[in-house]
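Colleague: One structure coming up, written as structure tokens, with questions to follow.
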Amino acid sequence: MWRVGIDIGGAFTDAYALNEETGEFRWVKVETTPDIISGVIESLRRLNISMSNVRFMFHGQTVVINTIITRTGARVALITTKGFRDILELQRSNRRDLYNLKYRKPEPLVPRWLRFEIEERVMYDGSVMVPLNYKDLDITVNRIRKVGNIESIAISYVNSYANPKHEIETEEYLRNILGDIFITRSSSLTRLWREYERTSTAVLNAYVLPKFYNYVTSLEGEFSKLGFKGVFYIVLSNGGVNTSSFIKNYPIYTVEGGPISGVFGAVVLGKSVNERNLIVLDGGSTTTKASLVRDLNYITRSDYYIGSTRYSPGYPAMIPIIEVFETGIGGTSIAWIDDAGRLRVGPRAAGSYPGPACYGRGGTEPTLTDAYVITGFLNPRQLLGGELKINRDLALRTMEPLSKKLGLTIEETAYGIIRLANELATNVIRVVSVQRGYDPREFSLLAHGGAGPMFAPFIAEELNIRRIIVPFIPAGVFNAWGMLNLDVIHDATETRIMKITISESEAEQVSKIIEELRNKIIEDFRNEGIDETKVRFEYYIDMRYYGQEYTLRIPTSYPVTLDVLKSTIKAFEDRHYLEYGFRLEGNPVELVNFYVKGTYSLPKPEVKQVERTGSVDKALMEEREVYMGNNKVMRVPIYSKELLPTDTTIQGPAIIEENTATIIVLEGWKAVKDKYGNIVLSK
Amino acid sequence: MEYDPITKEITRNALINIADEMFWTSIRTAKSSIFYDTYDFSVALTNIDGEILSIGIGVPGFIGIMDFTAKYTKEYCEREGISMEPGDVFVVNNPYVSGTHLNDVGVVMPIYINEEMVGMAVAKGHINDIGGTNPGSWGPASTEIYQEGLIIPPVKLYRRGERNRDVFDVIRYNSRIPDYAIGDLEALVAALRVGNKRIQELASKYGKEVLKQAFNDILNDGEKLALSGIKKLPKGEFYAEDYLDDSGTNETPMKIHARVKITEDEVIVDFSGNPPAVNAPINSPYPATVAAARIVFMALVAPREPYNGGIARRFKVIAPEGTIFNPKWPAPTSVYWETMTYAADLLWKALAPHVPDKLSAGHFLSVVAEIIAGVDPRKNEYVVLVEPNPGGWGGHGEGDGESGLVAFADGETLASSVEILEQRYPLIVDRYTLNTLDGVGPGKYRGGFGIIKDYRLLADGFIFTTGINRAKFPPWGLNGGCSGTLNYMAIIRDGKEIMRVRKITNFPLRKNDVVSIRSAGGGGYGDPFERDPNLVLNDVLNEYITIEDARKYYGVVIEGEWPNYRVNLEETEKIRRELKQSGRRECVSLPQGIKAYYGVYRGE
């Protein structure tokens, strides 16, 4: 049987297939069509697999994020507590662009005239102070009807995290009266506190819901027409998948579904090669992403901002999401000289069109890729297995003005751009490791993405990381392979503030909160036909010292006894010390959010060993001159990754090329192709 | 390691990243929300002279304060013969030379590489209570700095890495909330340690001499940036004047002014001739005055660049000692921030008509901060709510002003979350909305709206303190736009508004009293009769303004019923023509009856 993955991006639709028995991996790329669906069908046809032999279909998509960014979602009405109509417009009132005296906040997705107030009020402790006023609801229904073309409604009341009663009653009432309309209730998405952030989450979901729901429904229909009888899963931002029928009501959970698959792929790969601590580096064409895998676990958080930049806070979404940090440095980042005569790289990038100058598609500004081509690290004639012709002269020509301004040779300039870009990219690794109290030297760097393997050696040098793994799967499609290995995940979070004195009754109370969340998850699994005995649960509590704001997410176990509570608090204090360097002795600890995650493992195709064939000589394709800085040029052997035999050591400097990426082995490093086909670099 | 332009850039980026890391270290370790929600703190790395190399910042005002703190600490040590040794951490809060008010406590660590001091790490943050007469250590009634809390000259908090318990104890015994004060102070020190550690790592990679060279060049580059920004500015002399709402001790407004001179290679703002410092805490220490003015300078010359001290070399602030913009010991300064913002606002106002692509009409200006304090009966714990409030900004050449945005000297300052407030304090928020009650300054591009936030107390025995400006003289309009509205707070008892106030100390609140915070709408830009009628229509539909307002302020006639409004273009043109000919122009009427109470409120 096969499992098939479909990943739809703005420009291309990629389809992947993994044979569960043989481990065979296929992939095809077609252009994304305006209707999306016909491109998907074309890509499936080209995979050349009978759909009746497909057990699982996995789907990562950009429909949700693109709808938000291009503001092409539904017309939404927001129903909120009397006195709080402007939450969405007030936001948190911050001015991130500090020296801009004409600053504008991100524009609310619901204009003021479609934000309706209802008399009701729940207190901080969940008690009802003012009952829900149904007359106000009737007035609102009339107004919604008068407006006419409202497709989707979001409901968000103050303190609904503590008690969602009024939100639930409102939803029921509206469904009865308005019938077939899309409704999103903030408390159905998250039970975390902070009214603006929770309202924003509900509104974002409502905004994309009609489009996403219809999109998934038509895919379901098309797959079934093609004879598909397996399970259709959609990738979530938390590193799991849910069935299409469940998740199509909660599109906001899928907002970063694509890019995070690589983190899960790293966990699977790490398991097979017994590397439990990994820093995952995903080098793309415009950005670089990094995340941390510790003891084969990744970090999930619940505060995410869509479209956030240095100058704008973006739209908050309180959804569980794998912690991934991003920096605006990628393979096509543009190098430039600023008003003070300084060399800068990024955040502007050339993208695929026009792309770097050396692509010959009209790019006129020098990019990082051009710098790699000029120095010889990248093949100066062709890339992507010959599909992309490279013109080094064009790279030289665009680099020349920069080098003149800097007073350096073209090669020195190019090498300088590589150093500077890698320093900038290194910072994102520091953010995930050093800043959180982890020593990067205790991790291996797993590098994927088209640019990952060419960043990795420089970053490793910078941070004294001694081991780099480039996966056996082509680096450019590792995310997709990760996607095919995902598990079904349901999770639940809730804010419940508890100042702890460490007592038996508190342990019971904590146990009860976790049990409630656990029961909700069990119900979600049952709805997907999965029995809870097959579900692996993880329990976490976000904790802090009483009086602090920021919390640390600490694992705990269930049921919670007094001993469990004690050891969880100790784990918090240890973690606090590790991350911040001090403890607040005698200061009570406060529990803030509870997070429970249930995982149902789908069967995983084994990572197969490859046969040991060929020889280093046969893998040697050529030698080329590479500029290594400080006026040093070296003749470096270039190998084919595919043709290299396993278990044979290659001494750096050397370069190993594959279809989607270039692996650089610097001087002082050695590379070995392991028995699975991964390239492992070490010092 | 050899030195080249690439190494310089790598070092510059590394220094920016280190400052970021220092910043997050403090956020994550601080105990008070004024750090993690309000970002009322900053961290920086300086060269040996105290010039800022990189700064971690959430609030722009600190760009002028950190260098003063570092420079003063070093000068003080030299003058007093105190050695600055590796591992030392100094603590200082003397406002006249290093800062703002006593709450802002600075810590400074000399950075040594191989026995040579090459720079300093600095952190400074708002400690919620540093002693003195008032809970929270600030309030409008003080007449001398001695009433405003503990005064700390540079003393060693850590001596060669060893915790100096004596100093900690003095601070501990002076603060009403000692655990918070010490916790927050430690959070600042944690940032210094991170900064020092990272500089050591850089030094081991590049070497001391390369770093020193890079430090120099980074500042020189900053200076070049400023010069290239100044080239694009209009040259000449500019002037603006305005009024402070009061004189600190009485209700007589104070006239203030600024002269600005832009030459080929520098911008000078001269505050000479302004009123002398007053026996009230509204004096703005020189570093604060400079800080605020530097924000406008940044907006003019390099708004999207990370700040460094090189940029500031081309900006001069003249303020004679003994004036409200540069007070002398022992003038009180605890409520300095409004006067400081007026200093910047004068510079802004003088240049706005000439640089309409960078500067807007006047904004609500005031921090509109309040203190609500007392014992929370739910926890039997003394709690203090202090927060800045957002307001309306001015319209500008390209669009309307923003609504509900933090004031000028604040930045990544988060307004409180209602749900968090209700957990922490015994109060309920009855409403939190845009202030459409008082309106905004009309214009071709109108001002943005202020806010209304109503706190209802659920416990007895709480006190209320505030001190607000732009409660008499509204935000200014620009190039024909109307001025905005006023900031104030109202106390509502038994459903009746019993007072409107802009300045009051320790007013006793009763259970069920409502404190209604209302901030001003921003000034308008350009002639309101030139506002696109469709924008006016949109404002009516969204209930920002009424149909009557549309006609009165903008001469636009709106017809139809919600939500199907439309513009009657013919009538609109006719009315606009008539109004223009008659020269009549309506601006919003200002809220009335706003009073001030000096000292403790004793009723009327």
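If you're matching them up, the sequences are chains A and B in order.
Counting along the first sequence from 1, when you hit position 317 you're at 317 in the working numbering, and nothing is skipped either side.
Counting along the second sequence from 1, when you hit position 297 you're at 980 in the working numbering, and nothing is skipped either side.
Note that beta-carbon positions come from the ideal geometry of N, C-alpha and C, so glycine has one too.
If you're wondering where the values come from, they're calculated on a predicted model, not measured in any experiment.
1. Residues of chain B with CB under 9 Å from residue 193(A), in chain order?
2. In angstroms with no decimal places, state the Cα-to-Cα distance between residue 298(A) and residue 587(A).
3. How would you label residue 409(A), buried or exposed, when you count the other beta carbons within 10 angstroms and need 16 or more for buried?
4. Can you have a look at residue 1182(B) and say buried or exposed, based on whether 16 or more other CB atoms are within 10 angstroms of its CB?
5. Are residue 230(A) and residue 30(A) touching if we call contact CB-CB under 7 Å?
6. Enumerated in chain order, which unbroken segments of the beta strand (DSSP E) with a length of 3 residues or greater are wholly contained in the segment 27 to 70 of chain A?
7. Please confirm whether any heavy atom of the ligand ATP lies closer than 6 Å to the CB of residue 363(A).
8. Using only the alpha-carbon positions, how far apart do residue 1287(B) and residue 1189(B) sit?
9. Taking residue 515(A) and residue 594(A) to be in contact with their CB atoms under 8 Å, please state how far apart those CB atoms are, rounded to whole angstroms.
10. Evaluate residue 543(A) with the Cβ neighbour count: other Cβ atoms within 10 Å of its Cβ, from every protein chain shown; 16 or more gives buried, anything less gives exposed.
11. Quick check on residue 1265(B): buried or exposed, where buried means 16 or more other Cβ atoms within 10 Å of its Cβ?
12. If residue 171(A) and residue 185(A) are in contact, beta carbons under 8 Å, what's the gap, nearest whole angstrom?
13. So what does DSSP say about residue 529(A), is it helix, strand or coil?
14. Around the Cβ of residue 639(A), are there at least 16 other Cβ atoms within 10 angstroms (buried) or fewer (exposed)?
15. Indicate whether residue 744(B) and residue 974(B) have their beta-carbon atoms separated by less than 7 Å.
16. Anyone know if the C-beta pair for residue 556(A) and residue 489(A) falls short of 7 Å?
17. Ordered along the chain, which non-local residues of its own chain (more than five positions away) have a Cβ less than 7 Å from that of residue 250(A)?
18. Is the distance from the Cβ of residue 697(B) to the Cβ of residue 806(B) below 7 Å?
19. Below 8 Å on C-beta distance, what does residue 1068(B) contact in chain A?
20. In angstroms with no decimal places, state the Cα-to-Cα distance between residue 941(B) and residue 1087(B).
21. Would you verify that the beta carbon of residue 1124(B) is, or is not, closer than 7 Å to some beta carbon of chain A?
22. Could you compute how far the alpha carbon of residue 750(B) sits from the alpha carbon of residue 734(B)?
23. Checking contacts by CB at 7 Å: is residue 1287(B) closer than that to chain A?
24. According to DSSP, residue 957(B) sits in a beta bridge with which residue or residues?
25. Is residue 1287(B) helix, strand or coil by DSSP?
26. Less than 7 Å between CB atoms is the rule here; does residue 548(A) satisfy it with respect to chain B?
27. By the 10 Å Cβ neighbour count, where 16 or more other Cβ atoms means buried, how is residue 852(B) classified, buried or exposed?
28. Cβ closer than 7 Å: which chain B residues qualify as neighbours of residue 427(A)?
29. Since residue 593(A) sits in a beta bridge, which residues does DSSP pair it with?
30. Give a yes or no on whether 7 Å exceeds the smallest Cβ distance from residue 147(A) to chain B.
31. With 8 Å as the limit, tell me which residues of the segment 1010 to 1023 of chain B have their beta carbon closer than that to any beta carbon of chain A; keep them in chain order.
32. Cα separation between residue 747(A) and residue 645(A)?
33. Report the option in 833(B), 1103(B) and 979(B) whose CA atom is closest to the CA atom of residue 99(A).
34. Pairing CB atoms from the segment 1043 to 1050 of chain B with CB atoms from the segment 1194 to 1211 of chain B, are three or more of them under 8 Å?
35. What span of residues does the beta strand (DSSP E) with residue 349(A) cover, start to end?
36. Helix, strand or coil, according to DSSP, for residue 243(A) in the structure here?
Modeller: Answer, in terms of the structure:
1. 1100, 1102, 1103 and 1106
2. 29 Å
3. exposed
4. buried
5. no
6. 54 to 60
7. Annotation note on the ligand ATP: not contained in the displayed structure, which lists no ligands.
8. In this prediction, residue 1287(B) scores a pLDDT of 49, lower than 50, which makes its location untrustworthy; no coordinate-derived value is stated.
9. Incorrect: roughly 10 Å between the Cβ atoms, too far for contact.
10. buried
11. exposed
12. 5 Å
13. coil
14. buried
15. yes
16. no
17. 189 and 205
18. no
19. What residue 1068(B) touches in chain A: nothing, since even the nearest Cβ is about 14 Å away.
20. 28 Å
21. no
22. 6 Å
23. Caution is warranted here: a pLDDT of 49 is assigned to residue 1287(B), below 50, making its placement in the model unreliable, and the coordinate value is therefore given only provisionally. Not an interface residue.
24. Beta-bridge pairing links residue 957(B) to no other residue.
25. Because the pLDDT of residue 1287(B) is 49, which lies under 50, any placement of that residue in the model is unreliable, and the question is left without a value.
26. yes
27. exposed
28. 700
29. 495(A) and 542(A)
30. yes
31. none
32. Lying outside 1 to 683, the shown extent of chain A, residue 747(A) is not represented and no answer is given.
33. 979(B)
34. yes
35. 343 to 349
36. strand
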